[in-house]
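Participant:
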Amino acid sequence: MEDDIPSVDDLFPDDDFLPSKPSTESIPEPDVENDDIESLMAVEQALPEPEILPADAEFMGEKGGVVTGRGRMEAAFGTGDGDETATAQVAQVSSEVQTGTIFHQVYRPWRGELNSRWVRNWAILRYHIYGLFSKGHKPWPVMTKLVLFGVLITSIGDLLMLTVGAATGVEAIERLAGISRGNLYGHVLSFWFRNACTYPIVTALIIGGMISEDRRNGTSALYFSRPINRRDYAAMKFLSVAIILSVVVLFTLSAYYLGAILVGGEGWSYVMDTGLLFLGAFAAGTLLVFTYTSIGLALSSVSSGKFFPAVAFIGLILGTKMVAFLIW
11 MEDDIPSVDD LFPDDDFLPS KPSTESIPEP DVENDDIESL MAVEQALPEP EILPADAEFM
71 GEKGGVVTGR GRMEAAFGTG DGDETATAQV AQVSSEVQTG TIFHQVYRPW RGELNSRWVR
131 NWAILRYHIY GLFSKGHKPW PVMTKLVLFG VLITSIGDLL MLTVGAATGV EAIERLAGIS
191 RGNLYGHVLS FWFRNACTYP IVTALIIGGM ISEDRRNGTS ALYFSRPINR RDYAAMKFLS
251 VAIILSVVVL FTLSAYYLGA ILVGGEGWSY VMDTGLLFLG AFAAGTLLVF TYTSIGLALS
311 SVSSGKFFPA VAFIGLILGT KMVAFLIW
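Here is the structure:
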């Protein structure tokens, strides 16, 4: 027995729904006489025409309208009241809108004499260096100044110990803190404590916002709008960081060496014996300052904040030392 497939017609009774058949009969056209056409035209002429304002005549393109020189702008979407309506909003007439004044600006170039190139570079260098101990220059944070002062005191700790040993007459202190190859090179190249904490921290605090702050605040455009080229800008930034690090590394090394000679009352023969050691340590310190400054400014130039250059520099120094320790 085959199942009968229900159709759509089975869902409705026959009385309610009858399928419509296409009609082949033509629809007769209405017989409209001439009198009816004339009456329809009379009714259309009797209808009142919409009133068009003079301000809308120019926009609507009506003939005979008064041209006032005012334009009207149709806005499909607005930003104020009336956004809930589905019709287009019409802007206000220009005479009813309060507009601002555009002042006439004329650029007047500088016709005077400019200072020399090194005077302009000195302004950049002075801005960073003088800010550590005077106002009116770069506003260094107080924490940076305190850390820098603490590192200076720590770096001349050997000289203080040597002075105490010479004052008390304890030879053990003099031998421990006296001038030797290990003390001179250790003042610059020792990993613990100087190259692990003091020197990297000072460098990170200094280079944190050296170039990144100019990129973030837009002051780089002010520098380059003046007669300062990019080479002088980078050189003065490099020299500013290098001078501060040289005070921490090289100045304390020189103070330790000269102080040890004065405290011990040594003569020229002692200077001739230990002079080469001091020059070697000074050259190593110069290379250290150059390396730290280059890495720090490179990290600061690719960032717009202080945190990333500082953390990246410390991580790079300690990370490479850890890799070297594992390999060695």
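Using the numbering used here, the final residue of the sequence shown is 338, and nothing's skipped along the way. Just so you know, even glycine gets a beta-carbon here, dropped at the ideal spot from N, CA and C.
(1) For Lys331, which three-state DSSP category applies?
(2) Do Phe288 and Tyr302 have their beta-carbon atoms positioned less than 8 Å apart in this structure?
(3) Any idea if Met246 is buried or exposed, counting beta-carbon neighbours within 10 angstroms, 16 or more meaning buried?
(4) Just the C-alpha distance for Gly228 and Tyr243, rounded to the nearest angstrom, thanks.
(5) Please list, in chain order, all residues of the same chain as Ile254 whose beta carbon is under 6 Å from its beta carbon, the five residues on each side excluded.
(6) Would a C-beta distance cut-off of 8 Å place Ser144 and Val258 closer than the cut-off?
(7) Using 8 Å for Cβ pairs, my map puts Lys155 next to Ser222. What's the rounded Cβ distance?
(8) I'd like to confirm something about Met220: is its beta-carbon nearer than 7 Å to some heavy atom of the ligand SAM, or not?
(9) For the region 202-257, list the alpha helix (DSSP H) runs that are entirely contained and at least 4 residues long, ordered along the chain.
(10) Where does Ala320 land, buried or exposed, given buried means 16+ other C-beta within 10 angstroms?
(11) Is DSSP giving Leu340 helix, strand or coil here?
(12) Look at the alpha carbon of Tyr209 and the alpha carbon of Leu142, and state the distance between them as a whole number of angstroms.
(13) Under 8 Å between the Cβ atoms of Val212 and Ala294?
(14) Any idea what DSSP makes of His197, helix, strand or coil?
(15) Which value, in whole angstroms, describes the spacing of the CA atoms of Arg240 and Ala231?
(16) Under 8 Å between the Cβ atoms of Leu172 and Gly192?
(17) Do you know whose CA, among Leu328, Arg226, Phe234, lies nearest Phe203's CA?
(18) Distance check for Gly167 and Ile324, CA to CA, integer angstroms please.
(19) Within the same chain, show all residues whose beta-carbon is closer than 6 Å to that of Gly269, passing over the 5 residues directly before and after it, in chain order.
(20) Would you decide whether Thr178 is buried or exposed? Buried here means 16 or more other CB atoms lie within 10 Å of its CB.
(21) For Gly175, which residues of its own chain have a beta-carbon under 7 Å away from its beta-carbon, when the five flanking residues on both sides are left out?
(22) Take Leu336 and list the residues in its own chain whose beta-carbon comes closer than 8 Å to its own, dropping the five residues that flank it on each side.
(23) Using 10 angstroms around the beta-carbon of Ala334, count the other beta-carbons present and answer buried if the total reaches 16, otherwise exposed.
(24) Find out if the Cβ-Cβ distance for the pair Ser349, Met220 is shorter than 8 Å.
(25) Helix, strand or coil for Met11? Go by DSSP, reduced to three states.
(26) Can you tell me which of the three DSSP states Ser136 falls into?
(27) For Ala322, is the classification buried or exposed, using 16 other Cβ atoms within 10 angstroms of its Cβ as the cut-off for buried?
(28) What first and last residue would you give for the alpha helix (DSSP H) that runs through Ser313?
(29) Beta carbon of His147, beta carbon of Arg136: below 8 Å?
(30) Relative to the C-alpha of Leu263, which candidate in Trp128, Met153, Trp150, Ile163 has its C-alpha closest?
(31) For Asp9, does the count of other Cβ atoms within 10 angstroms reach 16, so buried, or fall short, so exposed?
(32) Let me confirm a value: Gly218 is counted as buried when at least 16 other C-beta atoms fall within 10 Å, else exposed. Which label applies?
(33) So, helix, strand or coil for Lys148, using DSSP?
Facilitator: If we stick to the structure as given:
(1) Numbered from its first residue, the sequence shown carries residue 331 at position 321. Here Lys331 sits in helix by DSSP.
(2) For the purposes of this step, residue 302 is identified with residue 292 of the sequence shown, where counting begins at 1. For the purposes of this step, residue 288 is identified with residue 278 of the sequence shown, where counting begins at 1. Taking a C-beta distance under 8 Å as the contact criterion, Tyr302 and Phe288 do not qualify as a contact pair.
(3) By 1-based counting over the sequence shown, the position of residue 246 is 236. With 16 or more other Cβ atoms within 10 Å, it is buried.
(4) Looking up residue 228 in the sequence shown gives position 218. Looking up residue 243 in the sequence shown gives position 233. Distance between the alpha carbons of Gly228 and Tyr243: 14 Å.
(5) The residue given as residue 254 occupies position 244 in the sequence shown. Answer for Ile254: Ile216, listed in chain order.
(6) Stepping through the sequence shown from its first residue, residue 144 is reached at position 134. Stepping through the sequence shown from its first residue, residue 258 is reached at position 248. Against a cut-off of 8 Å, the Cβ pair of Val258 and Ser144 comes out as no contact.
(7) Along the sequence shown, read from residue 1 onward, the residue named residue 155 stands at position 145. Along the sequence shown, read from residue 1 onward, the residue named residue 222 stands at position 212. At roughly 20 Å, the Cβ-Cβ gap does not stay under 8 Å, so Lys155 and Ser222 are not in contact.
(8) This structure lacks the ligand SAM, and indeed carries no ligand of any kind.
(9) 209-217, 222-227, 229-235, 240-256
(10) Along the sequence shown, read from residue 1 onward, the residue named residue 320 stands at position 310. Buried.
(11) Residue numbering for the chain in the displayed model covers 11 to 338; residue 340 lies beyond these limits and cannot be assessed.
(12) Taking the sequence shown and counting its residues from 1, one reaches residue 209 at position 199. Taking the sequence shown and counting its residues from 1, one reaches residue 142 at position 132. Roughly 17 Å separates the two Cα atoms.
(13) Against the sequence shown, residue 212 aligns to sequence position 202. Against the sequence shown, residue 294 aligns to sequence position 284. No.
(14) Taking the first residue of the sequence shown as position 1, residue 197 is located at position 187. Reduced to three states, the DSSP call for His197 is helix.
(15) One-based indexing of the sequence shown puts residue 240 at position 230. One-based indexing of the sequence shown puts residue 231 at position 221. If you take the alpha carbons of Arg240 and Ala231, they lie about 11 Å apart.
(16) Taking the sequence shown and counting its residues from 1, one reaches residue 172 at position 162. Taking the sequence shown and counting its residues from 1, one reaches residue 192 at position 182. Not a contact, by the Cβ cut-off of 8 Å.
(17) On the sequence shown, position 193 is the one that residue 203 refers to. Cα-wise, what sits closest to Phe203 is Leu328.
(18) Here residue 324 refers to the residue found at position 314 when the sequence shown is read from its first residue. Here residue 167 refers to the residue found at position 157 when the sequence shown is read from its first residue. If I take the Cα positions, the gap works out to 24 Å.
(19) Taking the first residue of the sequence shown as 1, we reach residue 269 at position 259. So the list reads Leu169, once near-sequence residues are dropped.
(20) For this step, residue 178 is matched to residue 168 along the sequence shown. By the 10 Å Cβ count, Thr178 comes out exposed.
(21) Taking the sequence shown and counting its residues from 1, one reaches residue 175 at position 165. Correct list, in chain order: Ile183, Glu184, Ala187.
(22) In the sequence shown, residue 336 corresponds to position 326, counting from 1. Closer than 8 Å at Cβ, skipping near neighbours: no residue.
(23) Stepping through the sequence shown from its first residue, residue 334 is reached at position 324. Exposed, by the Cβ-count rule.
(24) Residue 349 lies beyond the residue range present for the chain, which begins at 11 and ends at 338; the question has no answer from this structure.
(25) In the sequence shown, counting from the first residue as 1, residue 11 sits at position 1. Confidence at Met11 is low in this model, with a pLDDT of 46, below 50, so its placement is unreliable and the value that follows should be read with caution. In the structure shown, Met11 sits in coil (DSSP, three-state: anything other than H, G, I, E or B).
(26) Residue numbering aside, residue 136 sits at position 126 when the sequence shown is read from its first letter. According to the sequence as given, residue 136 is Arg; it is not Ser. Arg136 falls in the helix class under three-state DSSP.
(27) Here the question's residue 322 lines up with position 312 in the sequence shown. With 16 or more other Cβ atoms within 10 Å, it is buried.
(28) The count along the sequence shown starts at 1 and reaches residue 313 at position 303. No alpha helix (DSSP H) holds Ser313; DSSP gives it neither H nor E.
(29) Against the sequence shown, residue 147 aligns to sequence position 137. Against the sequence shown, residue 136 aligns to sequence position 126. Yes.
(30) Your numbering for residue 263 matches position 253 in the sequence shown. It is Ile163.
(31) As shown, the chain starts at 11 and ends at 338. That puts residue 9 outside it, with no answer to give.
(32) By one-based count along the sequence shown, residue 218 stands at place 208. Gly218 is buried by the Cβ-count criterion.
(33) Here residue 148 refers to the residue found at position 138 when the sequence shown is read from its first residue. If DSSP states are grouped into helix, strand and coil, Lys148 belongs with coil.
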